[in-house]
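Number of protein chains: 2
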Amino acid sequence: MVGDRWTLLIVRELLIGGACRYTDLQQGLPGIATNLLADRLRQLEEQGIVAREAAPPPVATTLFRLTPRGEELRPVLRALGQWGAPLLLEELPDDAVFRSHWLLLPLQFHLADHAPERPPVTVEVRTGEEPLTIETVDGDVRIRTGAAAAPDVTISGEPPVVAGLLFGKLDLDTAIDRGITVDGDPAILLRLQPNAAPVP
Amino acid sequence: MVGDRWTLLIVRELLIGGACRYTDLQQGLPGIATNLLADRLRQLEEQGIVAREAAPPPVATTLFRLTPRGEELRPVLRALGQWGAPLLLEELPDDAVFRSHWLLLPLQFHLADHAPERPPVTVEVRTGEEPLTIETVDGDVRIRTGAAAAPDVTISGEPPVVAGLLFGKLDLDTAIDRGITVDGDPAILLRLQPNAAPVP
DNA sequence: CCGCATCCGGGGCGATACTG
DNA sequence: CAGTATCGCCCCGGATGCGG
């Protein structure tokens, strides 16, 4: 049911963004043929994994959303993502395509606020074609696409290096050596990274 | 790396049985074309997921085994299996093929000994083409193919019903209604099933 | 624009046959 | 036992068209 080409990637797009338009999915899945996207969506709908709904009046369009049964695939994407994490650090080929929002799901899985009692922080991540914002909201970590109003720290660079730094696989000096730039207080990252010692 | 057709199924076979011969894999993957099996094994080897080794002298043959990196795919198979578990209870089409040992991995994942202080028990499961044996060994649950010497309880029937009973999705009466036969003390199952109240 | 349907090569795939 | 060789098919990728 979910083993065909593209199928789990479509599910991932919907896990990331909630309800998506057809063209949103096309944007998020560079290289997919439009007939395949239509086919897969139809199959997923028949199998009760995806539901299609009419968008609210102002914009008349169709939205695709995961059903509860579809949401249950989150652990599958999590396990696959965890297994593939080491590959994320490898350099990307020159013709590689990358979408910033692909980082949303792994960041949601792995970041946590280790010092919820401290004042909230905001991190802006500039990699790929659009910025990402990470902010702490009373103990939770929220990640979204878009720029931050007043980030405490901004990270820019190539996706593999940025990801390596955020996930704690690369230390700050190594990451800077490999070409990223950090604006603001890098110590904030320690509060969010996995396996980081809790800030005392 | 693991998204091609058959690839994760090959990994599953190796997770179940440890080192496997080429023909063992063919048996466990009914329907796979021999050229595809060879292709996949070669790709998996190149990617460091599978290693091939020469068997010890008496039998001169090649064995395929997961590398540590390959073993790390266990959580992926676990997540996929958990998601697919409800489908396991649906009736099989008449032409369906089923291999008993496919139950080994889910049983390893979901069964536990909730009363390790009691004397060990043995369950024999007869479904598919060969029997399975479940036994408790000081707190652990061991599952293997083959018949048991002196089982405390024996379960026979169609795979969906047997699986439903073992995983606690079907209660005993329903399972018997749906055609399984139970020899011995069915209460033993409560000690092993997931979410079962611990035996006092 | 948005959500497809259609058409058209190329290659992955499935079945069978064959072999050191 | 562990593959290789071959052939046909259908899935897939890419491009274009098209009604709402």
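In order, the protein sequences belong to chains A and B. So the first sequence is residues 1084 to 1283, counted in this note's numbering. So the second sequence is residues 1084 to 1283, counted in this note's numbering. Yeah, the Cβ is synthetic: ideal placement off N, Cα and C, and Gly gets one too. Note that the structure is predicted; figures quoted are calculated from it, not measured.
Inter-residue spacing [alpha-carbon to alpha-carbon] between A:P1158 and B:P1158 | In the first sequence, counting from the first residue as 1, residue 1158 of chain A sits at position 75. In the second sequence, counting from the first residue as 1, residue 1158 of chain B sits at position 75. For the pair A:P1158 and B:P1158, the Cα-to-Cα distance works out to about 9 Å.
Does any residue of chain B bring its CB to less than 8 Å from the CB of A:P1158?
-> Here residue 1158 of chain A corresponds to residue number 75 of the first sequence, with the count starting at 1. Yes, A:P1158 counts as interfacial toward chain B.
Would you say B:A1162 reaches chain A, if we count a Cβ-Cβ gap shorter than 8 Å as a contact?
-> To locate residue 1162 of chain B, count along the second sequence from 1; it is residue 79. Yes, B:A1162 lies at the interface with chain A (some Cβ there is under 8 Å from its Cβ).
How would you write the range of the beta strand (DSSP E) that B:V1293 sits in, first residue to last?
-> An answer regarding residue 1293 of chain B cannot be provided, because it is not within the stretch 1084 to 1283 covered by chain B.
Sequence-distant residues of its chain with Cβ nearer than 7 Å to B:G1251 (five each side left out) = Within the second sequence, the letter at position 168 stands for residue 1251 of chain B. Cβ neighbours of B:G1251 beyond the five flanking positions: Q1276, P1277, N1278, A1279.
For B:D1223 versus B:V1204, is the C-beta distance shorter than 8 Å?
-> Locating residue 1223 of chain B in the second sequence gives position 140, where the first residue counts as 1. Locating residue 1204 of chain B in the second sequence gives position 121, where the first residue counts as 1. In this structure, B:V1204 does not lie closer than 8 Å to B:D1223 by Cβ.
Can you name the residues of chain A whose CB is closer than 9 Å to the CB of B:Q1191?
-> On the second sequence, position 108 is the one that residue 1191 of chain B refers to. Those within 9 Å of B:Q1191 in chain A number zero; the least Cβ separation is about 16 Å.
Are A:P1242 and A:T1264 close, meaning C-beta to C-beta below 8 Å?
-> In the first sequence, residue 1242 of chain A corresponds to position 159, counting from 1. In the first sequence, residue 1264 of chain A corresponds to position 181, counting from 1. Result no, Cβ atoms of A:P1242 and A:T1264 do not sit closer than 8 Å.
When you compare only the Cα positions, how much space is there between A:R1201 and A:L1272?
-> Taking the first sequence and counting its residues from 1, the one referred to as residue 1201 of chain A is at position 118. Taking the first sequence and counting its residues from 1, the one referred to as residue 1272 of chain A is at position 189. One C-alpha to the other measures close to 14 Å.
Does the Cβ of A:C1103 have 16 or more other Cβ atoms within 10 Å, making it buried, or fewer, making it exposed?
-> Translated into positions along the first sequence, residue 1103 of chain A becomes position 20. By the beta-carbon neighbour count (other beta carbons within 10 angstroms, threshold 16), A:C1103 is buried.
Which residues mark the beginning and the end of the alpha helix (DSSP H) in which A:D1107 is found?
-> Taking the first sequence and counting its residues from 1, the one referred to as residue 1107 of chain A is at position 24. A:D1107 -> alpha helix (DSSP H) spans 1105 to 1111.
Name the residue from A:G1164, A:G1247, A:P1199 whose alpha carbon lies nearest to the alpha carbon of A:F1192.
-> In the first sequence, residue 1192 of chain A corresponds to position 109, counting from 1. The shortest C-alpha separation from A:F1192 is found at A:G1164.
So which residues on chain B does A:E1155 lean against when the C-beta distance must stay under 9 Å?
-> To locate residue 1155 of chain A, count along the first sequence from 1; it is residue 72. Simply Q1165, W1166.
Residues bridged to A:I1238 (per DSSP) = As a working note, residue 1238 of chain A is residue 155 in the first sequence. DSSP, once it has assigned bridges, lists A:V1208, A:V1265 as partnering A:I1238.
Between A:I1132 and A:G1114, is the Cβ-Cβ spacing less than 8 Å?
-> Taking the first residue of the first sequence as 1, we reach residue 1132 of chain A at position 49. Taking the first residue of the first sequence as 1, we reach residue 1114 of chain A at position 31. Their beta carbons are not under 8 Å apart, which means A:I1132 does not touch A:G1114 by this criterion.
Skipping 5 residues on each side, what residues in its chain have a beta carbon closer than 6 Å to that of A:A1246?
-> Translated into the one-based positions of the first sequence, residue 1246 of chain A becomes position 163. Contacts found: L1171.
For B:I1217, which residues does DSSP report across the bridge?
-> Within the second sequence, the letter at position 134 stands for residue 1217 of chain B. According to DSSP, which records beta bridges pairwise, B:I1217 is partnered with B:V1206, B:I1226.
Candidates B:V1085, B:R1088, B:A1134, B:V1220: which alpha carbon is nearest B:G1101's?
-> As a working note, residue 1101 of chain B is residue 18 in the second sequence. Per the Cα distances, B:A1134.
Report all residues from its chain with a CB closer than 8 Å to the CB of A:P1269; omit the five preceding and five following residues, and keep chain order.
-> If you number the first sequence from 1, residue 1269 of chain A lands on position 186. Same-chain partners within the cutoff: V1236, L1255.
Work out the CA separation of B:T1228 and A:A1286 for me, nearest whole Å.
-> The structure shown has nothing for residue 1286 of chain A, since chain A only spans 1084 to 1283.
Expressed to the nearest angstrom, what Euclidean distance is found between the alpha-carbon atoms of A:L1127 and B:V1244?
-> Here residue 1127 of chain A corresponds to residue number 44 of the first sequence, with the count starting at 1. Here residue 1244 of chain B corresponds to residue number 161 of the second sequence, with the count starting at 1. So the alpha carbons of these two residues sit roughly 27 Å apart.
Classify A:P1281 as helix, strand or coil using the three-state DSSP reduction.
-> Working through the first sequence from its first residue, we reach residue 1281 of chain A at position 198. For A:P1281, the predicted model reports a pLDDT of 49, less than 50, meaning its position is unreliable and no value from the coordinates is stated.
Between the beta-carbon of B:W1166 and the beta-carbon of A:E1155, is there less than 8 Å?
-> Stepping through the second sequence from its first residue, residue 1166 of chain B is reached at position 83. Stepping through the first sequence from its first residue, residue 1155 of chain A is reached at position 72. Taking 8 Å as the Cβ cut-off, B:W1166 and A:E1155 qualify as a contacting pair.
Between A:E1136 and A:R1148, is the Cβ-Cβ spacing less than 8 Å?
-> Position 53 of the first sequence, counting from 1, holds the residue named residue 1136 of chain A. Position 65 of the first sequence, counting from 1, holds the residue named residue 1148 of chain A. Their beta carbons are under 8 Å apart, which means A:E1136 touches A:R1148 by this criterion.
Does DSSP classify B:G1192 as helix, strand or coil?
-> The residue given as residue 1192 of chain B occupies position 109 in the second sequence. The residue you asked about is not Gly; residue 1192 of chain B is Phe in the sequence shown. In this structure, DSSP gives B:F1192 a helical state, which the three-state scheme calls helix.
Might you give, ordered along the chain, the residues of its own chain that have their beta carbon closer than 6 Å to the beta carbon of A:L1248, omitting 5 neighbours on each side?
-> Residue numbering aside, residue 1248 of chain A sits at position 165 when the first sequence is read from its first letter. Around A:L1248: A1258.
Could you work out which residue in A:V1094, A:D1196, A:D1177, A:L1108 is closest to A:P1151 when comparing CA atoms only?
-> Translated into positions along the first sequence, residue 1151 of chain A becomes position 68. In terms of Cα proximity to A:P1151, the closest of A:V1094, A:D1196, A:D1177, A:L1108 is A:V1094.
Are A:G1051 and A:R1225 closer than 8 Å when you measure CB to CB?
-> The structure shown does not extend to residue 1051 of chain A, since chain A spans only 1084 to 1283, so no value can be given for it.
Sort B:L1160, B:L1188, B:W1185, B:A1232 by Cα distance to B:V1085 and report the nearest one.
-> Taking the second sequence and counting its residues from 1, one reaches residue 1085 of chain B at position 2. Nearest C-alpha to B:V1085: B:L1160.
Throw me the rounded Cβ distance for the A:T1219 and A:D1196 pair, which I believe falls under 8 Å.
-> Position 136 of the first sequence, counted from the first residue, corresponds to residue 1219 of chain A. Position 113 of the first sequence, counted from the first residue, corresponds to residue 1196 of chain A. Right, the Cβ-Cβ distance comes to about 5 Å (below 8 Å), so this counts as a contact.
Does DSSP put A:V1180 in a helix, in a strand, or in coil?
-> As a working note, residue 1180 of chain A is residue 97 in the first sequence. Residue state, collapsed to three classes: coil.
Pull up the DSSP beta-bridge partners for B:V1133, would you.
-> Mapped onto the second sequence, residue 1133 of chain B falls at position 50. Answer is B:L1149.
Express the C-alpha separation of B:I1099 and B:R1125 in angstroms, rounding to a whole number.
-> Locating residue 1125 of chain B in the second sequence gives position 42, where the first residue counts as 1. Locating residue 1099 of chain B in the second sequence gives position 16, where the first residue counts as 1. Looking at the two C-alpha atoms, the distance is approximately 20 Å.
Could you give the residue range of the alpha helix (DSSP H) that holds A:G1101?
-> Here residue 1101 of chain A refers to the residue found at position 18 of the first sequence. Element bounds for A:G1101: n/a, residue is neither H nor E.
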